[in-house]
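Undergrad: Same order as they appear, the protein sequences are chains A and B. Everything in the first sequence is counted per the working numbering, starting at 6 for the first residue and increasing by one. Everything in the second sequence is counted per the working numbering, starting at 8 for the first residue and increasing by one. The beta carbon of each residue, even a glycine, is placed where N, CA and C say it ideally should be.
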Amino acid sequence: MAEANHQLIQVRNVSKEYRRDSQRIPVLTDISLSVPEGEFLALMGPSGSGKTTLLNLIAGIDRPTAGHILIGGTDLGSLSEPAMAKWRARHVGFIFQFYNLLPVLTAYENVELPLLLTNLSKKEKRDHVEAGLKLVGLGDRMQHYPKQLSGGQEQRVAIARAIVTDPTILVADEPTGDLDKKSAEEVMVLLDRLNKEYKKTIVMVTHDPRAAEKAHKIMHLDKGELTT
Amino acid sequence: MRILKLIFRNINRHKLRSTLTVLGIAMAVMFFGVLRTVVDAWHAGVDASANNRLITRHAVSFIFPLPYAYRDQIGRIPGVSKVTFANWFQGVYIDQNQFFARLAVDAETFFDGYPEFLVEPDQLATFKKERNACIIGEKTARDYNLKIGDVMPIEGDIYPGKYEFVVRGIYKPRDERIDATQMLFHWQYIDERLRQEQPDRAGDVGWYIITINEPGKAATISQTIDALFANSRAETKTETEAAFQQSFVSMSGAIITAMNFVSFVIIGVILLVLANTMVMTARERIREYAVLKTIGFTTWHIVGLIAGESLCISMLGGAIGIALSFPMVTAIGASIPSGWFPIFDLKPMTLVLSGLSALIVGVIAALFPVWRAASMKIVDGLRQIG
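Here it is as structure tokens:
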């Protein structure tokens, strides 16, 4: 019981199914796992195995059909939609495969977006954004728009956006999936550094075995079930 | 502040589409304003009517005359304080295209019945003394560059013959609702000519203008007047001045209804234009809205982004449209004879309606995209390819 309390992420008997007309499509079946604080977990598996769905459930952007997900002791199922949005803003940093930066905002403004939901002063926001961008090595690209950056740079801006609020967990969905080998390596070094130096708990979905090597632990999903 | 910045950046994202939408709204709002102004111009006479004035005309139609002898009988009815009369003279000044009301009136009493026509006392005194004198509105004086002492030759048509009137006064309207285009001269001058040339048409007037002491007794006094002349050779119909003016408006009822209809169709068209833009915009950005929600932005933030963009576009278009409607109304007003629409100005209410239309269009156009973005599940939005 005492050990369970040290687990930052607890997934308990979670199932998820989608409905298409009257048909039920099971995606996850009775998944249970725990992730301690400071862990770097990689979720692997073939396409359609349910790994992104599991990641979405942990990030609080989707809800399970059955079971419970507790993050830092908070049962996500007990949160209303507005409360869930507030919770995500405070506790989750999300890194997408395709970066998903807003094209009309500069790198600085994209990173600043999550801070708009906080009560920080203008100066505090500026300090946070600049620190985030410097951390990912883009201190000199703050006023660049996404289209003026390479894929790797865009992903690093997205990582800065994910960490700028100092969230409890970082979730990354195929963070290297759209990058060349060199850029992918840079991103993985960055995530590794965030985990080791800044003690960030990271859950990452990936197809890439080289990316998964950086993780402390690898779990495999197949047809909605954990195999290892 | 950043949210507002994001709204403006989003509007700028497709400059051509946004510009065309804004211009489309601007044109529609401008035409809406112009059409409302035309409809208002038609009703100007009704709006300017006094509530203590009655008009007595022939029961069949106002084109049939009434005997001059009715004047004293009407004046004796309890509750009536003043009686005057007028007659539609028409005639041609310069050419057929120069249109403004030319009325033969009772010089002694007409301006007592119309205190909203402001005439200098010395000009009025001179006018009353000279049979061929006339008083014109300041707009007509300005339009035709007429001044005191000038001669206005009129070729009679309803009352054939050549007439020459000397301008002895220029009246000013009490406020902008009052017609400042009329030409008013002595009924006696015309009647004397008729007695010599067409004696069977002499001694008749067009309609009586009756000022009453208490507006609340208008119906009773009207009934009394009409009862007085029932079963006579010229039965009368008495009504308030507003109702009398409204009867002229009603003659053009179909046109006015059509214009009202078209003005609201225009609003419908701009609604479709903006709604189309907003639906396309929201569909393109559904993934971005999902990203914002993932970061922690609430549904209300997304609603604000979409509705804000829709309102910015509609209000910008509305503002440009309202600004354009001023020169457009001025140009149209200048191109039509001033006598057709003596009052042809943008009313404050028209401006309010134009602005309100743009606002309502902005809100309604955002409804569907807002509903779609609000009801979107984040995971579905993230799957969208923009």
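1) Which residue or residues does DSSP assign as beta-bridge partners of tryptophan 95 of chain B?
2) Counting along the chain, where does the alpha helix (DSSP H) carrying histidine 308 of chain B start and finish?
3) Provide the residue span of the alpha helix (DSSP H) that contains proline 269 of chain B, from first to last.
4) Step through the CB atoms of chain B and report whether any lies within less than 7 angstroms of the CB of valine 210 of chain A.
5) Can you list, in chain order, the stretches of the alpha helix (DSSP H) that have 4 or more residues and sit fully within the stretch 88-124 of chain A?
6) Give the residues from the stretch 290-304 of chain B that approach chain A closer than 8 angstroms (Cβ to any Cβ), ordered along the chain.
7) If we count the other Cβ atoms within 10 Å of its Cβ and call it buried at 16 or more, is histidine 11 of chain A buried or exposed?
8) Does the stretch 229-246 of chain B come within contact of the stretch 59-66 of chain B, defined as at least 3 CB pairs closer than 8 angstroms?
9) Counting contacts by CB-CB distance shorter than 7 angstroms, is valine 269 of chain B in contact with chain A?
10) How far does the alpha helix (DSSP H) with tryptophan 378 of chain B in it reach, from first residue to last?
11) At what residues does the beta strand (DSSP E) containing proline 180 of chain B begin and finish?
12) In whole angstroms, give me the CA-to-CA distance for leucine 226 of chain A and leucine 281 of chain B.
13) Can you grab the Cα-Cα spacing for the pair lysine 152 of chain A / arginine 16 of chain B, in whole Å?
14) Between which residues of its own chain and isoleucine 223 of chain A is the CB-CB distance below 7 angstroms, once the five residues before and five after are set aside?
15) If you run the structure through DSSP and keep just helix, strand and coil, what is glycine 142 of chain A?
16) Between the Cα of valine 169 of chain A and those of A:Leu154, A:Tyr104, A:Arg146, A:His96, spot the shortest distance and give me the residue it belongs to.
17) Could you name the residues of chain A that arginine 402 of chain B contacts, counting a contact when the two beta carbons are closer than 8 angstroms?
18) Who are the neighbours of isoleucine 66 of chain A on chain B, taking C-beta pairs under 7 angstroms?
19) If distances are taken between C-alpha atoms only, which option among A:Lys205, A:Glu22, A:Thr232 comes closest to alanine 220 of chain A?
20) Once DSSP output is grouped into helix, strand and coil, what is the label at tryptophan 49 of chain B?
21) Please state if the CB of phenylalanine 99 of chain A and the CB of alanine 64 of chain A are separated by a distance shorter than 7 angstroms.
22) Starting from proline 31 of chain A, find everything on chain B with Cβ-Cβ shorter than 8 angstroms and list it in chain order.
23) Could you check the C-alpha separation between valine 368 of chain B and valine 192 of chain A for me, to the nearest Å?
24) Check whether the Cβ of arginine 20 of chain B lies closer than 7 angstroms to any Cβ atom in chain A.
25) Taking its Cβ as the centre, do 16 or more other Cβ atoms sit within 10 Å of serine 317 of chain B, making it buried, or is it exposed?
26) Quick check: what's the CA-CA separation for methionine 89 of chain A versus leucine 81 of chain A?
27) Pair every Cβ in the stretch 142-159 of chain B with every Cβ in the stretch 189-200 of chain B, then say whether three or more of these pairs are closer than 8 angstroms.
28) Between arginine 379 of chain B and chain A, is there a C-beta pair that is closer than 7 angstroms?
29) Per the DSSP calculation, arginine 17 of chain A is bridged to which residue(s)?
30) I want to know whether the stretch 213-224 of chain B touches the stretch 172-183 of chain B - three or more CB-CB distances under 8 angstroms.
31) In chain A, which residues lie with their C-beta within 9 angstroms of the C-beta of leucine 323 of chain B?
32) Given methionine 147 of chain A, which residues of its chain have a CB within under 8 angstroms of its CB, disregarding the five upstream and five downstream residues?
33) Spell out a yes or no on whether the stretch 180-194 of chain A and the stretch 15-30 of chain A are touching, meaning 3 or more CB-CB pairs, one atom from each, closer than 8 angstroms.
34) Quick check on proline 72 of chain B: does DSSP put it in helix, strand or coil?
35) When you compare only the Cα positions, how much space is there between aspartate 211 of chain B and glutamate 199 of chain B?
36) With a cut-off of 8 angstroms on the beta carbons, I'd call lysine 179 of chain B and leucine 125 of chain B a contact; round off their distance for me.
TA: According to the structure shown:
1) Taking the second sequence and counting its residues from 1, one reaches residue 95 of chain B at position 88. Tryptophan 95 of chain B is bridged to B:Leu110.
2) Start at 1 with the first residue of the second sequence, and residue 308 of chain B comes out as number 301. Residues 306-342.
3) As a first step, residue 269 of chain B must be located in the second sequence, where it is residue number 262. A quick correction: the sequence has valine, not proline, at residue 269 of chain B. Note, valine 269 of chain B: alpha helix (DSSP H), 260-291.
4) If you number the first sequence from 1, residue 210 of chain A lands on position 205. Among the CB atoms of chain B, none fall inside 7 angstroms of the CB of valine 210 of chain A.
5) Counting only unbroken stretches of 4 or more residues, the alpha helix (DSSP H) elements lying wholly within the stretch 88-124 of chain A are 112-117, in sequence order.
6) Answer set for the stretch 290-304 of chain B: Arg294, Glu295, Val298, Leu299, Lys300, Thr301, Ile302, Gly303, Phe304.
7) Start at 1 with the first residue of the first sequence, and residue 11 of chain A comes out as number 6. Flag for histidine 11 of chain A reads exposed.
8) Three or more pairs of CB atoms, one per stretch, sit closer than 8 angstroms, so the stretch 229-246 of chain B contacts the stretch 59-66 of chain B.
9) Counting from one through the second sequence, the residue named residue 269 of chain B turns up at place 262. The beta-carbon of valine 269 of chain B is placed no less than 7 angstroms from the nearest beta-carbon of chain A.
10) Counting from one through the second sequence, the residue named residue 378 of chain B turns up at place 371. That run of the alpha helix (DSSP H) goes 355-382.
11) What you label residue 180 of chain B is simply residue 173 of the second sequence in a count that begins at 1. Following the DSSP letters along the chain, one finds proline 180 of chain B inside the beta strand (DSSP E) bounded by residues 168-180.
12) For the purposes of this step, residue 226 of chain A is taken as residue 221 along the first sequence, with counting starting at 1. For the purposes of this step, residue 281 of chain B is taken as residue 274 along the second sequence, with counting starting at 1. A straight line joining the alpha-carbon of leucine 226 of chain A with that of leucine 281 of chain B spans about 47 angstroms.
13) Taking the first residue of the first sequence as position 1, residue 152 of chain A is located at position 147. Taking the first residue of the second sequence as position 1, residue 16 of chain B is located at position 9. Whole-angstrom Cα-Cα distance: 15 angstroms.
14) The residue you call residue 223 of chain A lines up with position 218 of the first sequence. The beta carbon of isoleucine 223 of chain A sits closer than 7 angstroms to those of Ala47, Met49, Ala217, all from its chain and outside the five residues before and after it, given in chain order.
15) Counted from its first residue, the first sequence places residue 142 of chain A at position 137. Glycine 142 of chain A: coil per DSSP, three-state reduction.
16) Along the first sequence, one-based indexing puts residue 169 of chain A at 164. Of A:Leu154, A:Tyr104, A:Arg146, A:His96, the residue nearest in Cα terms is A:His96.
17) This structure leaves residue 402 of chain B out entirely; chain B is present only between 8 and 393.
18) Position 61 of the first sequence, counted from the first residue, corresponds to residue 66 of chain A. Going along chain B in sequence order, the residues near isoleucine 66 of chain A (Cβ under 7 angstroms) are Thr301, Ile385, Val386.
19) Taking the first sequence and counting its residues from 1, one reaches residue 220 of chain A at position 215. Here the closest residue by C-alpha is A:Lys205.
20) For the purposes of this step, residue 49 of chain B is identified with residue 42 of the second sequence, where counting begins at 1. Three-state DSSP puts tryptophan 49 of chain B in a helix.
21) On the first sequence, position 59 is the one that residue 64 of chain A refers to. On the first sequence, position 94 is the one that residue 99 of chain A refers to. The Cβ-Cβ distance between alanine 64 of chain A and phenylalanine 99 of chain A falls below 7 angstroms.
22) Residue 31 of chain A sits at position 26 when you count from the first residue of the first sequence. Correct list: empty, because the minimum Cβ distance to chain B is about 16 angstroms.
23) For this step, residue 368 of chain B is matched to residue 361 along the second sequence. For this step, residue 192 of chain A is matched to residue 187 along the first sequence. Roughly 47 angstroms between the two C-alpha positions.
24) Along the second sequence, read from residue 1 onward, the residue named residue 20 of chain B stands at position 13. Yes, arginine 20 of chain B lies at the interface with chain A (some Cβ there is under 7 angstroms from its Cβ).
25) As a first step, residue 317 of chain B is located in the second sequence; it is residue number 310 there, counting from the start. With 16 or more neighbouring CB atoms inside 10 Å of its own CB, serine 317 of chain B falls in the buried class.
26) The residue labelled residue 89 of chain A in the question sits at position 84 within the first sequence. The residue labelled residue 81 of chain A in the question sits at position 76 within the first sequence. Roughly 7 angstroms between the two C-alpha positions.
27) Proximity of the stretch 142-159 of chain B to the stretch 189-200 of chain B meets the contact definition, three or more beta-carbon pairs being nearer than 8 angstroms.
28) If you number the second sequence from 1, residue 379 of chain B lands on position 372. No, arginine 379 of chain B lies away from the interface with chain A (no Cβ there is under 7 angstroms from its Cβ).
29) The residue labelled residue 17 of chain A in the question sits at position 12 within the first sequence. Residue pairing by DSSP places arginine 17 of chain A opposite A:His73 in a beta bridge.
30) Below 8 angstroms, too few C-beta pairs join the stretch 213-224 of chain B and the stretch 172-183 of chain B to call them touching: fewer than three.
31) Residue mapping note: residue 323 of chain B aligns to position 316 of the second sequence, counting from 1. In chain order: nothing, as chain A lies at least about 18 angstroms away.
32) As a first step, residue 147 of chain A is located in the first sequence; it is residue number 142 there, counting from the start. Around methionine 147 of chain A: Thr111, Ala112, Tyr113, Val134, Glu135, Leu138.
33) The stretch 180-194 of chain A vs the stretch 15-30 of chain A: no contact.
34) Within the second sequence, the letter at position 65 stands for residue 72 of chain B. Looking at proline 72 of chain B - three-state DSSP - the assignment turns out to be coil, as it is neither helix nor strand.
35) Taking the second sequence and counting its residues from 1, the one referred to as residue 211 of chain B is at position 204. Taking the second sequence and counting its residues from 1, the one referred to as residue 199 of chain B is at position 192. Computed Cα separation, rounded: 12 angstroms.
36) Your numbering for residue 179 of chain B matches position 172 in the second sequence. Your numbering for residue 125 of chain B matches position 118 in the second sequence. About 5 angstroms separates the CB atoms of lysine 179 of chain B and leucine 125 of chain B; that is less than 8 angstroms, so the two are in contact.
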